[in-house]
Amino acid sequence: MAESGRYRGRLTYGYRRVQEELIKLDIHLSDAVVRRLMDELNVQVSLYNRHRNGRYSSYKGTVGKVARNVLHQHFNETVPFKVLHTDVTQVRLADTKWAYVSAITDEASKEVLAFQVSNSPNSKLIMDTLDELTENISEGIKPIIHSDQGWYYQLNYYTDKLSEKKFIQSMSRKGNCLDNAPIESFFHLLKTECLNGFPQCKDIGEFKEITKNYVDWFNSRRISQKTKGMTPCEYREHALAV
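So in full-length UniProt numbering, the last one in the sequence shown is 242, and the numbering has no gaps at all.
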């Protein structure tokens, strides 16, 4: 049961998510009993919170179109494909170079709908991410897609693609990471559960392999109370079937 909450050999689940996994097996135990059993069996979360990666900022002022903030931190969408979040983060590699991750997540299901890695935070990285998204969602879906005011989200190649697909663009206020908290939360989990406490990836190839495997695990196996004890994929299927 605890194995479903492990990634790279480490347990990522606390007692609440262990309890959710037990409920799936029709085993109903109180919080206190689950905590006691985990203590007795030495089943404990083993994560590292120290980040070695710094904070990446793509803001270069107003270089194109700045969209209005449609969301205003109202992160309460429950229907998949209605509101999406996108951003870029950076991770230091063992060869002292950087890897850049561009991702798009679904606010309701928490599913990672697009995930691209590059050694440069350039326009190709952003457009590859957007292309992956359009391949993974059905034609006719017209979500809000929220980002920060990074330079690449302001330029015509990006905004024209959103207009072509009839996506609604939304942007955070300048320098306010809380306006895009859902994807900031995903990046924190990626670094905490997948990278921190392990040796740095030796190169971009190893980093791609490890992080792509994490995304597959995150979408299909990692449950969350935010998604009613379901994985992102399970939540999506359940919500769309209702």
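Think of the CB as a built atom: it goes at the ideal place given N, C-alpha and C, for glycine as much as any other residue.
Quick one, are the C-beta atoms of residue i and residue j less than 8 angstroms apart?
i: Gln154; j: Lys174; result: no
i: Tyr100; j: Ile126; result: no
i: residue 243; j: Ala94; result: Nothing can be reported for residue 243: it is not among the residues displayed for the chain, which extend from 1 to 242.
i: Thr129; j: Lys65; result: no
i: Phe115; j: Lys202; result: no
i: Pro143; j: Val83; result: yes
i: His238; j: Asn180; result: no
Which partner residues of residue i appear in the DSSP bridge assignment?
i: Leu240; result: DSSP, once it has assigned bridges, lists no residue as partnering Leu240.
i: Trp98; result: Arg92
i: Leu84; result: Asp106 and Ile145
i: Ser185; result: DSSP, once it has assigned bridges, lists no residue as partnering Ser185.
i: Ser169; result: In the sequence as presented, Ser is not what sits at residue 169; that position holds Gln. Per DSSP, Ile145.
i: Phe115; result: Ala103
Quick check on this structure: which residue in the options has the alpha carbon closest to the alpha carbon of residue i?
i: Phe81; options: Val66, Leu113, Arg68 and Val88; result: Leu113
i: Trp98; options: Val83, Thr129 and Glu206; result: Glu206
i: Met171; options: Leu162, Asn156, Ser147 and Ala32; result: Ser147
i: Glu111; options: Leu189, Ile204, Ser30 and Arg92; result: Leu189
i: Phe167; options: Leu25, Ile145, Val242 and Arg222; result: Ile145
Measure the beta-carbon distance from residue i to residue j and round it to whole angstroms, keeping in mind my assumption that it falls under 8 angstroms.
i: Leu178; j: Gln90; result: Not a contact, Cβ separation roughly 20 angstroms.
Three-pair Cβ contact test at 8 angstroms for the stretch 184-194 versus the stretch 67-81: no
Stretch pair the stretch 128-141 + the stretch 100-113: three plus CB contacts closer than 8 angstroms: Touching, yes, given that three or more Cβ pairs across the two stretches are closer than 8 angstroms.
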